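Q: Residues in the sequence shown are numbered from 1 upward in steps of one, following the UniProt record's numbering. Backbone N, C-alpha and C fix where the C-beta goes; we use that ideal spot for every residue, glycine too. Only a predicted model underlies this, so the values are computations on that prediction, with no experimental measurement involved. Following this message is one structure expressed as structure tokens.
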Amino acid sequence: MIVQNYRGLVLALWRSQRRDPVGLFFSVAFAPALVIALGLIFGNDPRPEFGGQGFLDATLPAFASVVLAMVGVLQVPVALLSLRDSGALQRLSLTPLSRSTFMMANLTVHFFAGITGMIAALAIGIGVFGVNLPGNISGILIVCVIGICTFLAVGCALAAIYPSTAAATGIGNVLMILLILTSGAFTPIEVMPEGIQQIIQYSPVRWFVDAAESAWIGESIATFAAQLFFLLCVLAITGLIGRSLFRWEPAR
1 MIVQNYRGLV LALWRSQRRD PVGLFFSVAF APALVIALGL IFGNDPRPEF GGQGFLDATL
61 PAFASVVLAM VGVLQVPVAL LSLRDSGALQ RLSLTPLSRS TFMMANLTVH FFAGITGMIA
121 ALAIGIGVFG VNLPGNISGI LIVCVIGICT FLAVGCALAA IYPSTAAATG IGNVLMILLI
181 LTSGAFTPIE VMPEGIQQII QYSPVRWFVD AAESAWIGES IATFAAQLFF LLCVLAITGL
241 IGRSLFRWEP AR
């Protein structure tokens, strides 16, 4: 019964997601579109400022982090708070359906939308612009899965903290832009001012990018295990915050 409810909810939430083309675009298509646009503008010819690499060779792993920023700090909080502010979550809590089943179904939809956007961005860089294949494919997949799960938990924690959908939209857009600008997707971290480099080393997005870049050049998981551990710690802490503090009733 639980499995049937979960499956039905996933399908219903996916249909609902499809009716929001803007949200779906930012979850699935924005990062791939960004790779195409910047690839056409800058190309991928070797450049000395990128250590002899092309622009996309140097930045492609960071493009996957754009999806994390979109989904984690914007899409998940806005979606949850929209349902809460409309009273839908309160009505749902009065049905036999458990809250955990709903939350798992909701996060499943965001997970698959996000992972699709990540893989599409990386595939376009490789297939269209000739970026070298990752040296550690299983490592890249592990990093992407842990990264998206971590930022889904971050999104739940932010939904528990934000007072309203409007706050989630406004603050989320600012956070999203900051995370994207410091991810290395537009400018490699190595060419940023040293002070900025020091600050962003403490960003979960940067931990993700460091791990992804290490896997991309073929290093073993042991090489970036510390970054994965830090991401899992963020997942555990923010997941606990979201579970403990999220209110299902609309603010009065």
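1) What's the gap between the Cα of Arg206 and the Cα of Ser82?
2) Determine the closest residue to Gly139 out of Thr59, Ile221 and Gly130, with distance taken between C-alpha atoms.
3) Give the straight-line distance between the Cα atoms of Asn173 and Ala33, rounded to the nearest whole angstrom.
4) Taking just the CA atoms, how far does Val66 sit from Cys156?
5) Can you find at least 3 beta carbon pairs, one from the segment 187-198 and one from the segment 100-108, that sit closer than 8 Å?
6) Please list, in chain order, all residues of the same chain as Thr169 whose beta carbon is under 7 Å from its beta carbon, the five residues on each side excluded.
7) Answer yes if the segment 52-71 comes into contact with the segment 111-128, meaning at least three C-beta pairs across the two stretches below 8 Å, and no otherwise.
8) Just to confirm my understanding: we take Leu56, look at its own chain, exclude 5 residues before and 5 after, and list those with CB closer than 6 Å. What are they?
9) Beta-carbon within less than 6 Å of Tyr6's beta-carbon, same chain only, minus the 5 sequence neighbours each way: which residues are those?
10) CA-CA distance, Gly147 and Ala251?
A: Straight from the coordinates:
1) 29 Å
2) Ile221
3) 19 Å
4) 18 Å
5) no
6) Val78
7) yes
8) Gly39, Asn44, Gly125, Phe129 and Val131
9) Thr101 and Ala105
10) 31 Å
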